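Student: So the sequences go chain by chain: A and B.
In terms of my numbering, the first sequence has 308 at position 308, counting the first letter as 1, and numbering is strictly consecutive.
In terms of my numbering, the second sequence has 1098 at position 98, counting the first letter as 1, and numbering is strictly consecutive.
Where a beta carbon is used, it is the ideal one built from N, C-alpha and C, also for glycine.
Computed from a predicted structure; not experimentally measured.
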Amino acid sequence: MDGFLHAISIMTDPYLLFVILCGTVGGVLVGALPGLTSTMATALLLPFTVMMPPVPAIALLSALYCAGTFGGSITAILINAPGAPPAAATAIDGYPMAQRGEAGRALGMATVSSTIGGIFSVIVLLVAAPMLARMAYSFGPPEYFALALFGLSMLASITKGSAVKNLIGGAFGVLVATVGIDFTTGVERFTFGYPEMTEGIHFIPVMIGIFGGAELLSQAASLDMVYNRVAAIAVKLPSKEDFKLVWKTIVRSCGIGTFIGILPAEGGTVAAMIGYNKARRWSKNKDEFGSGAIEGIAGPEAANNAATGGAMVPTLALGIPGSGTTAVILGALLVHGLRPGPYLFQEQPDLLYGIFGAMLVANILFLGIGLVGAKLFARITLIPRTFLWPAVFVLAVVGAYSLEQAMVDVGIMLVFGLLGFVLRRYGFAPAPIIMGIILGDLVENTLKQSLLLFEHDWTMFFGRPIAVSFFILTFLGLFGPFLFGQIRKMVRGK
Amino acid sequence: MTDLQTTQNGDGNKARPDQGPRPFSIHTDFPMGIAVLLFCAVVFYLTTLFDEVPSAMAQGVPPEQFPRLLLFLISAFAVIMMFQARGHDPKKRKPIPKVVYLSAGLLVVFVGIVDFVGIIAAMMLFCVALPILWGERRFKVIAIFAAIYPVLVYFLFSRVMEVNFPLGFFTEFFR
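Okay, structure coming up:
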């Protein structure tokens, strides 16, 4: 309760409120634009935040994250093109509803269930993150290594791309993180004699390139795509009947979304898909799903917004990103010289309560924005792609340059943009690469510290119960689906 | 009715257990896997070129060991990826339109000319060239966009955020 009150008191700062409002409006806008995701927007915005004090900077990104997740539902419902991947499941029932003249009802349900999911997860974040952080006090390098390994293993189960491709992407990201001077021996690795490379490849140009540059080329490949737009009418608050129909779905999805969000590397997209499938599974009106069921909107929308708060739990408490966007937010914390983990809670309570407060306020703000302004925000999709994407790329170049004021970073951004397009075309998702780069240093440094601690006897890892627990979870994360599938086959065979 | 599930190989390709793999058709994961293995071989070679570790630092893990461990993992995953692709139809991909190659070329040119013409001129040229390449024919709108947007971005970053941009040969010449 103290934490909650502290978060509210921090929110009385008008500057902070203004920043959160900007983040929320910006988030809904980028979320509504097909192709522009909250992950890309936070990556593009990150260089702007470098000049800001840490609390407003991270609050801005957090608000954008929450609102961006919601914003995707507007275009999912009105033009059948999810503005952001977490809204993909919303389009399945949202668009048919809009086609039959119920766009206002669908948007109203999306707004309200998103808000409920978001607020629920912020409350969980407020309670769970400090608890998890307290647990992490007892973590040493072996535990952090095992935890980071577990985080990377979870890449196998994120839905975008195949499991093995996600793991290749994650390992490639960790490899990219090895560029520069090796901290234990002082030897240069993969620097090719360039002094700018000795400090390693900074993840911000990589993120901007892999999300912004690659997306621009994807947009170029689909210039002939035409959206069938359904005219937006006034957004309606859900009726009593609708609430009766969906309240169980919302409650279930809040739990699912928050839990999935807390799992490292998973995020809103996975949560929304599970939320949708569970809503359908437990519904009395299963046959209506796919042709405009209101529960088919409430389920994924509550879940994907509940995942936002959930994903911040491991990010803040352990330094392990819970989703693609929280990986960028983690990067922002590092840029501001803050190392997430238990000591952050002790040393920077204002920052943490600022984040809680920002997410809470953002959720309340987008309730208002969604109900009043969805019709207006839907018009953002009328911006021609022929102007939008040049504008985005100009920002990408300037953003990549401005961090270190070095053209080599722009080159890195471009290389990763082109590489990201090719990889995406062959089924490799960009998020695992980013996760790998962010976690790379942690994995390598803690492994080396552990081996020094154990005098190079790696079997001593098994004398650390917490590390062993994470290794077991890693094993289950990697091989669980295969093993359980085999067991299921054997049971059915009998 | 729609249920969201991921397919076995993640590409949306269905296995053809009853028919077996189509003759003379190679799943794209095969050449991709070979490319990944080649990449690993090249990077492994690069790890052999690392400098010698100073003797005072030699008690730690050698600098090449961790990258090699990762290369081994990536190679193993690549082999699994190729193995998983057996018996799956090659995905019918639309060929990459010419405009994508031209756009990629334009991005390279944009970044390449910044040092020469300066950031503002490079941004302006890019804001003219890409919309035209993508089929925009409202030239007045393009001109207004290319004249205003780069200047706004430049001033935001250079004045508010105090970023020093490369002014380029031309701008320096006129100064």
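(1) Counting Cβ pairs closer than 8 Å, one from the segment 259-269 of chain A and one from the segment 201-209 of chain A, do we hit at least three?
(2) Assign Arg-464(A) to one of three DSSP states: helix, strand, or coil.
(3) Going along chain B, which residues have a C-beta under 7 Å from Gln-99(A)?
(4) Is Gly-296(A) helix, strand or coil when you go by DSSP?
(5) Considering only DSSP beta bridges, list what Glu-188(A) is partnered with.
(6) When the Cα atoms are used, what is the spatial distance from Gly-508(A) to Gly-72(A)?
(7) What separation, rounded to the nearest whole angstrom, lies between the Cα atoms of Ser-121(A) and Met-1081(B)?
(8) Entirely within the segment 19-107 of chain A and at least 3 residues each: give me those beta strand (DSSP E) ranges in chain order.
(9) Would you say Val-1100(B) faces chain A, with C-beta separation under 8 Å as the test?
(10) Note down the Cα distance separating Ala-87(A) from Leu-376(A), rounded to an integer number of angstroms.
(11) If we define contact as Cβ-Cβ less than 8 Å, is Cys-441(A) a contact residue for chain B?
(12) Using C-beta distances below 6 Å, list every residue in its chain close to Ala-1015(B), excluding the 5 sequence neighbours before and after it, in chain order.
(13) Which chain B residues sit within Cβ distance under 9 Å of Val-410(A)?
(14) Label Leu-382(A) either buried or exposed according to how many other C-beta atoms from any shown protein chain fall within 10 Å of its C-beta, with 16 as the threshold for buried.
(15) Identify whether Arg-1093(B) lies in helix, strand or coil by the three-state DSSP scheme.
(16) Roughly how many angstroms lie between the CA atoms of Ser-402(A) and Gly-180(A), to the nearest whole one?
(17) Figure out for me which residue from Pro-1054(B), Val-1036(B), Ile-1148(B), Gly-1105(B) has the closest Cα to the Cα of Leu-1133(B).
(18) Using a Cβ-Cβ cutoff of less than 6 Å, which residues in the same chain neighbour Thr-115(A) once the five nearest sequence positions on both sides are dropped?
(19) To the nearest angstrom, how far is it from the Cα of Thr-1007(B) to the Cα of Thr-1028(B)?
(20) Where does Glu-1064(B) land, buried or exposed, given buried means 16+ other C-beta within 10 angstroms?
(21) Could you tell me the boundaries of the alpha helix (DSSP H) in which Asp-1029(B) lies?
(22) Taking Asn-277(A) as part of the alpha helix (DSSP H), name the residues at either end of that continuous run.
(23) If we ignore side chains and look at the alpha-carbon of each, how far apart do Ala-221(A) and Leu-423(A) end up?
(24) Answer yes if the segment 470-485 of chain A comes into contact with the segment 145-152 of chain A, meaning at least three C-beta pairs across the two stretches below 8 Å, and no otherwise.
(25) Counting only Cβ pairs nearer than 8 Å, list the residues of chain A close to Ser-1103(B).
(26) With three or more C-beta pairs closer than 8 Å as the rule, is the segment 292-299 of chain A touching the segment 265-278 of chain A?
(27) Taking the CB atoms as reference points, tell me whether Val-1151(B) and Ile-1120(B) lie closer together than 8 Å.
(28) I'd like the list of long-range same chain contacts for Ala-129(A), defined as Cβ closer than 6 Å, with 5 residues on each side in sequence excluded.
(29) Would Lys-284(A) pass as an interface residue toward chain B - the criterion being a Cβ-Cβ separation below 8 Å?
(30) Please report the Cβ distance between Val-246(A) and Glu-288(A), rounded to the nearest whole angstrom; I am assuming they are in contact, meaning their Cβ atoms lie under 8 Å.
(31) Taking any Cβ of chain B, which residues in the segment 183-202 of chain A have a Cβ under 8 Å from it, in chain order?
(32) Does Lys-1014(B) come within less than 8 Å of chain A when only Cβ atoms are used?
(33) Shorter than 8 Å from the beta carbon of Tyr-1149(B) to some beta carbon of chain A?
(34) Using the three-state DSSP reduction, which class does Met-1161(B) fall into: helix, strand or coil?
(35) Taking a contact to mean a Cβ-Cβ separation below 8 Å, would you say Val-206(A) touches Ile-437(A) in this structure?
(36) Please list the terminal residues of the continuous alpha helix (DSSP H) segment that includes Gly-151(A).
Tutor: Considering the structure as presented:
(1) no
(2) coil
(3) Within chain B, no residue comes near Gln-99(A); the closest Cβ sits about 15 Å away, beyond 7 Å.
(4) helix
(5) Ile-181(A)
(6) Outside the shown range of chain A, which is 1 to 494, sits residue 508(A), and nothing can be said about it.
(7) 36 Å
(8) none
(9) yes
(10) 19 Å
(11) Checking the displayed sequence, the identity of residue 441(A) turns out to be Asp instead of Cys. With 8 Å as the cut-off, Asp-441(A) does not count as an interface residue toward chain B.
(12) Unreliable placement is indicated for Ala-1015(B), whose pLDDT of 47 sits below 50; the coordinate value is still reported in the next sentence. These residues qualify, in order along the chain: Gly-1087, His-1088.
(13) Val-1111, Val-1114
(14) exposed
(15) coil
(16) 21 Å
(17) Gly-1105(B)
(18) Asn-363, Leu-367
(19) Because Thr-1007(B) sits at a pLDDT of 39, beneath the cut-off of 50, its placement in the model cannot be relied upon, and the point is left open.
(20) buried
(21) 1029-1047
(22) 268-282
(23) 15 Å
(24) yes
(25) Leu-216, Leu-217, Ala-220
(26) yes
(27) yes
(28) Val-313, Leu-316, Ala-317
(29) no
(30) Between Glu-288(A) and Val-246(A) the Cβ distance is about 12 Å, and since that is not below 8 Å, they are no contact.
(31) Thr-184, Thr-185, Gly-186, Val-187, Glu-188, Arg-189, Phe-190
(32) With a pLDDT of 46 at Lys-1014(B), under the threshold of 50, the modelled position of this residue cannot be trusted; read the value that follows with caution. So, not an interface residue.
(33) yes
(34) coil
(35) yes
(36) 141-153
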